[in-house]
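The opening position of the sequence shown corresponds to residue 0 in numbering that gives the first Met the number 0, with each subsequent residue numbered one higher. Written out below as structure tokens is the structure these notes cover.
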Amino acid sequence: MDLLLPAGCVACRDWIPGGRRAPLVCARCTSLLRGAPWPRCPRCHHPRVRRPGGEAADCPECAAWPAALTGARYAYVLRPPADDLVHALKYEGWRELASTMGDAMAKLARRELSRTGPPDLVVPVPTTAERLASRGYNQAALLAAPVAEALGLRLMPALERAGSRASQTSLTPSERRENVRGVFAPASGSEGSVRGARVLLVDDVLTTGATASEAAEALRAMGAGSVLLLTYARALATAPGNGR
């Protein structure tokens, strides 16, 4: 099997021995996954801005977030190979990666939630009907499933996303906020499902927080007590080690 159909790492494409039992990500790429450096903002965990005389008092990354979004946590910085895995899951049909990525998110959540308190349910950030039809799945929902299972929580697709607006990928921060304004609404049959609940909102990537902010506002309007965002990766203005 290895000779005729060798397994390759999803990130670097190098051969991995083991055939069908081979992992999707090689040991080298796994070892290159990195979290953000400390110190971090206590709310959004973005690395603190260092200035002469000490750190910045306020975090510019989450200052504009609504009160409904109480915080954010992420497993890795969006740099190689984490960005390769995100791209493979989101655009290349590698849905099998969701288990590996979701396990990493669940491990982080167990550690962080011991400090912030356990949530009541897990809600994935929904995608549009058009993207769901073209991809065949919602990557956030695939990630949310192993997180909910590992934490012993109920998985609730409480939101739906309307419209077919432009992708957030190439937009500026202000364009991102405008692009997702008002796009989330309660999913059919979810009325009352999140009332008073502490919600763990799951997505693949955190960039500016525009999407998560809108989703959190929609959940708060449904009566959610709090919303904490959990993602696999986060894009930083200057990611450690990649100079960008």
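Beta carbons are placed, not taken as given, at the ideal position from N, Cα and C, and that holds for glycine.
Find out if the Cβ-Cβ distance for the pair ALA157, SER187 is shorter than 7 Å.
In the sequence shown, residue 157 corresponds to position 158, counting from 1. In the sequence shown, residue 187 corresponds to position 188, counting from 1. No.
Practice problem: Determine the burial state of ASP57: buried for a count of at least 16 other Cβ atoms within 10 Å of its Cβ, exposed for fewer. | Solution: The residue given as residue 57 occupies position 58 in the sequence shown. The residue in question, ASP57, is exposed, as its Cβ has fewer than 16 Cβ neighbours within 10 Å.
What residues in its chain sit with their C-beta under 7 Å from that of GLU159, if we drop five residues either side in the sequence?
If you number the sequence shown from 1, residue 159 lands on position 160. Take GLU159, set aside five residues on each side of it, and the residues of its chain with a beta-carbon closer than 7 Å to its own are PRO125, ALA184, ALA186, in chain order.
Beta-carbon within less than 8 Å of THR115's beta-carbon, same chain only, minus the 5 sequence neighbours each way: which residues are those?
The sequence position of residue 115 within the sequence shown is 116, counting from 1. Answer for THR115: GLY70, LEU227, listed in chain order.
Q) Are the stretch 85-99 and the stretch 189-199 in contact at 8 Å, needing three or more beta carbon pairs? A) Result no; under three Cβ-Cβ pairs closer than 8 Å.
Point to revise | Spatially closest choice to PRO123 from ALA10, LEU200, ALA81, by CA coordinates | key: Translated into positions along the sequence shown, residue 123 becomes position 124. Nearest neighbour of PRO123 by Cα position, chosen from ALA10, LEU200, ALA81, turns out to be LEU200.
From VAL48 to ALA220, what does the alpha carbon distance come to, in whole angstroms?
Numbered from 1 along the sequence shown, position 49 holds the residue referred to as residue 48. Numbered from 1 along the sequence shown, position 221 holds the residue referred to as residue 220. Linking VAL48 to ALA220 through their CA atoms gives a straight-line distance of about 33 Å.
Given a cut-off of 7 Å on the beta-carbon distance, is the pair ALA232 and TYR75 in contact?
Taking the first residue of the sequence shown as position 1, residue 232 is located at position 233. Taking the first residue of the sequence shown as position 1, residue 75 is located at position 76. The answer is yes: Cβ separation under 7 Å.
**Message:** What does the Cβ neighbour count give for PRO80, buried or exposed, with the cut at 16 atoms within 10 Å?
**Reply:** Here residue 80 is taken as the residue at index 81 of the sequence shown, counted from 1. By the neighbour-count criterion, in which a residue is buried when 16 or more other Cβ atoms sit within 10 angstroms of its Cβ, PRO80 is buried.
- [ ] Using only alpha-carbon positions, find the residue among ALA143, VAL182, TYR73, SER98 that is nearest to GLU111.
- [x] In the sequence shown, residue 111 corresponds to position 112, counting from 1. Per the Cα distances, TYR73.
Host alpha helix (DSSP H) of THR99 (start-end): Translated into the one-based positions of the sequence shown, residue 99 becomes position 100. Per DSSP, the continuous alpha helix (DSSP H) segment holding THR99 begins and ends at 96-115.
Q) With respect to the alpha helix (DSSP H) encompassing ASP82, which residues constitute its N-terminal and C-terminal limits? A) Within the sequence shown, residue 82 is the residue found at index 83, counting from 1. ASP82 -> alpha helix (DSSP H) spans 81-90.
Secondary structure of GLY34, DSSP reduced to three states | As a working mapping, residue 34 is identified with position 35 in the sequence shown. Assignment of GLY34 by DSSP, reduced to helix, strand and coil, places it in the coil class.
Enclosing beta strand (DSSP E) for GLU216 [first to last residue]: As a first step, residue 216 must be located in the sequence shown, where it is residue number 217. For GLU216, no beta strand (DSSP E) segment is defined; the enclosing uninterrupted segment is the alpha helix (DSSP H) at 209-220.
Given PRO118 as reference, the closest of ALA147, ALA236, TRP14 once Cα atoms are compared: Mapped onto the sequence shown, residue 118 falls at position 119. Ranked by Cα distance from PRO118, the options ALA147, ALA236, TRP14 are led by ALA147.
Compute the beta-carbon to beta-carbon distance between LEU142 and ASP203, rounded to the nearest angstrom, for a pair I have assumed lies under 8 Å. Your numbering for residue 142 matches position 143 in the sequence shown. Your numbering for residue 203 matches position 204 in the sequence shown. For a cut-off of 8 Å, the C-beta gap from LEU142 to ASP203 is around 6 Å, short enough to register as a contact.
Taking the continuous beta strand (DSSP E) assigned at LEU158, which residues delimit it? Stepping through the sequence shown from its first residue, residue 158 is reached at position 159. Note, LEU158: beta strand (DSSP E), 158-160.
| said: Measuring straight from C-alpha to C-alpha, what distance separates LYS106 and LEU150? | reply: The residue given as residue 106 occupies position 107 in the sequence shown. The residue given as residue 150 occupies position 151 in the sequence shown. Those two C-alpha atoms are separated by around 9 Å.
Margin query: For ALA132 and SER212, what's the separation of their Cα atoms in angstroms?
Written below: Taking the first residue of the sequence shown as 1, we reach residue 132 at position 133. Taking the first residue of the sequence shown as 1, we reach residue 212 at position 213. Rounded to the nearest angstrom, the gap between the Cα atoms of ALA132 and SER212 is 25 Å.
Check: Hey, out of GLY17, ALA63, ARG130, whose CA is closest to TYR90's CA?
Finding: Position 91 of the sequence shown, counted from the start, is the residue given in the question as residue 90. Out of GLY17, ALA63, ARG130, the CA that lies nearest to the CA of TYR90 is found in ARG130.
**Item:** Whole-angstrom distance between THR210 and PRO65, CA atom to CA atom
**Value:** One-based indexing of the sequence shown puts residue 65 at position 66. One-based indexing of the sequence shown puts residue 210 at position 211. Rounded to the nearest whole angstrom, the CA to CA distance from PRO65 to THR210 is 12 Å.
**OP:** Answer with buried or exposed for PRO145, where buried requires no fewer than 16 other C-beta atoms within 10 angstroms of its C-beta.
**Re:** Taking the first residue of the sequence shown as position 1, residue 145 is located at position 146. PRO145 should be labelled buried.
Item to check | Residue burial classification, PRO239 (beta-carbon count within 10 angstroms, cutoff 16) | outcome: Here residue 239 refers to the residue found at position 240 of the sequence shown. For PRO239, the pLDDT reaches just 46, beneath the cut-off of 50, and the residue's location in the model is therefore unreliable, although a value from the coordinates is still provided. In summary, PRO239 is exposed, with fewer than 16 beta-carbon neighbours lying within 10 Å of its beta-carbon over all protein chains present.
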